[in-house]
Every structure is written in C-alpha cells, then in structure tokens.
C-alpha cells in the first residue's frame with residue numbers, strides 16, 4: 039500500500055476526487071490511503087499566518103517557511119526515513135511515466151501543494167525533489183498533485199489489469215476509438231472495425247497510432263528509436279538524418295516546418311513493423 043500525505047491550504051479540495059471511481063475502489067482494497075494535512079493549522083502567531091508579501095517587492099503572496107516546514111515534519115513523525123517529500127512546482131523535474139514508476143515503489147509520499155506565488159525558497163532544503171506536471175500555469179499545486187497521485191496509484195498491483203510489456207506502448211498516442219451509432223452526421227465508423235477480421239483491426243490500430251504519433255509527437259518517436267537497437271538498425275542508412283529531422287520537429291513545435299514525406303514514411307514503416315511483429319500477452323491493439 040502507498041500512503042500519500044498531502045499538505046494543502048484547502049483540505050476540502052480533495053474530498054471529491056479522492057473518493058470517486060477507481061481511486062475510491064483502491065482505497066477500499068487498501069491499495070492506497072490518504073492523510074490530508076491542513077497547512078492552516080501550522081500558521082504563525084495569533085492569526086495563524088501562512089503567507090506574506092515577498093521581500094524585494096512584487097505581486098502576490100508567498101507561503102511562509104515556518105508553517106510549511108512544520109507540516110512536513112508533522113507528516114514525517116512516523117517512519118521518517120521511508121517518506122519521500124515532493125514539492126509540486128513549475129520549476130521542478132517534468133513528471134514522466136518513468137518517474138511515476140519510480141514513485142510507485144514507495145510506501146509513503148509527502149506532497150506539498152503550494153498556492154499563490156509559491157513557497158519561500160528556504161523550504162526546499164526540507165524537500166527531496168520538485169516535480170512539475172508540464173510547461174503551463176495552473177492555479178495551484180493541489181490540482182497538479184492529483185495528476186501525480188492517479189499516475190502512481192494506477193501502477194500499484196491490484197489497481198487495474200496491466201502487463202509489464204505494455205510500458206512500450208507509452209511511446210505511442212492512442213488510436214481513434216468509435217462506438218455506436220455507426221453513422222453520425224456526415225461521419226461513419228471505419229469499415230475495418232466492423233469487419234470482424236481481428237488481424238486487420240489490429241494492424242489498422244497500429245497504423246493509426248504510429249501515424250498520429252509521428253505527426254503530433256515526434257519527440258516520442260525519437261525517444262523510441264534511440265532506445266531500441268532494432269529500430270536503429272532498420273533505419274541505419276539514414277539514421278543520423280532521421281534523428282536530426284525528428285529533433286527539428288520536436289523542438290520547433292508551433293512553427294511552420296517543411297515535413298519530409300520520405301522520412302515520415304520510412305519512420306512509419308520501421309515503427310509499424312516494430313509493433314506489429316511484437317508478441318505481447320496484453321496487446322492494447324488487439325480486439326480482445
């Protein structure tokens with residue numbers, strides 16, 4: 039079981055998201071537990087202050103170090119050596135599936151959820167690591183913590199059916215999904231999905247996933263190629279050029295870039311065959 043100790047200004051924020059759906063079932067099965075720690079209880083002075091204006095001027099309020107550090111120490115009273123303290127912050131390490139896998143092996147995780155303009159810099163020596171969920175701005179660390187929590191819990195044994203082999207599929211975006219009705223406005227479900235031919239359906243799904251990923255997330259394709267000798271060998275004649283091409287696509291998002299159809303097709307061919315030839319017990323492309 040993993041226990042999350044969540045330090046927050048608004049404990050009520052977590053009452054609904056941690057008590058619905060699969061997270062609720064995980065709590066009932068003792069896969070996960072939560073301790074919600076109200077930062078306001080550790081406020082300073084008669085008025086229980088938890089924030090103040092920044093030295094040097096500027097807008098907004100900063101969380102004071104005393105209440106945050108006291109709350110962290112409170113969370114670490116039991117089994118202090120087993121608890122990982124994480125600060126949710128835009129300046130932290132980007133959250134990845136690999137990081138979630140690492141965190142899923144822990145039994146106790148303390149999460150500090152800042153609000154306003156963040157926390158006093160001196161808090162960070164009480165923190166083991168800083169984590170960001172992406173290159174964008176949201177209102178609070180509370181929302182970000184839910185992403186981390188769900189990502190960790192879904193990797194715990196007993197939470198949902200999964201297979202170690204399926205991790206390779208995090209390299210691809212999902213294929214298009216359809217349900218009833220067959221006809222909607224001027225759009226129809228692709229006939230292959232109604233064919234009953236499981237092999238054709240599987241290949242169609244792989245093709246759609248690979249093409250979508252090449253178009254929208256070339257960075258994922260680049261990472262996949264660099265981590266697999268089979269793909270590097272398949273592309274060896276033009277490997278350096280293809281890596282350079284994918285790097286350009288990855289780091290110039292939002293800018294007009296001339297696509298190389300010949301490279302796109304060669305990459306597609308390599309990645310398609312890589313996945314279509316891979317025998318997996320829990321194949322996410324299979325109709326079963």
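Numbering (my numbering), first residue to last: 39 to 326. Note that CB positions come from ideal geometry on N, CA and C, so glycine has one too. Note that the structure is predicted; figures quoted are calculated from it, not measured.
Under the three-state DSSP convention, the category residue i falls into
i, result
"residue 202", "Annotation note: pLDDT 48 at residue 202 (below 50); position unreliable, no value reported."
"residue 98", "coil"
"residue 307", "helix"
"residue 226", "strand"
"residue 315", "coil"
"residue 272", "helix"
"residue 115", "coil"
"residue 51", "helix"
"residue 300", "helix"
"residue 241", "helix"
"residue 90", "strand"
"residue 213", "coil"
"residue 326", "coil"
"residue 80", "helix"
"residue 321", "coil"
"residue 197", "coil"
CB contact flag (residue i, residue j, <9 Å)
i, j, result
"residue 309", "residue 239", "no"
"residue 144", "residue 40", "yes"
"residue 149", "residue 187", "yes"
"residue 242", "residue 208", "no"
"residue 285", "residue 305", "no"
"residue 172", "residue 132", "yes"
"residue 147", "residue 42", "yes"
"residue 28", "residue 45", "For the chain, the structure presents residues 39 to 326; residue 28 sits outside this window and is missing."
"residue 157", "residue 127", "yes"
"residue 281", "residue 260", "yes"
"residue 288", "residue 257", "yes"
"residue 193", "residue 138", "yes"
"residue 74", "residue 109", "no"
"residue 196", "residue 61", "no"
"residue 178", "residue 152", "yes"
"residue 323", "residue 312", "no"
"residue 233", "residue 210", "no"
First and last residue of the uninterrupted beta strand (DSSP E) at residue i
i, result
"residue 43", "40 to 46"
"residue 71", "70 to 76"
Host alpha helix (DSSP H) of residue i (start-end)
i, result
"residue 57", "Counting along the chain, residue 57 falls outside any alpha helix (DSSP H), and DSSP gives it neither H nor E."
"residue 328", "This structure gives no information on residue 328, because the portion of the chain shown stretches from 39 to 326."
"residue 261", "256 to 265"
Within the region 117 to 191, note down every full alpha helix (DSSP H) run reaching 4 residues or more, in order along the chain.
-> 135 to 141, 179 to 191
At least three beta-carbon pairs within less than 8 Å, the region 52 to 59 to the region 83 to 98 = no
Is the region 112 to 126 touching the region 89 to 97, taking contact as three or more C-beta pairs under 8 Å?
-> no
Does the region 182 to 197 come close enough to the region 160 to 168 to have 3 or more Cβ pairs within less than 8 Å?
-> no
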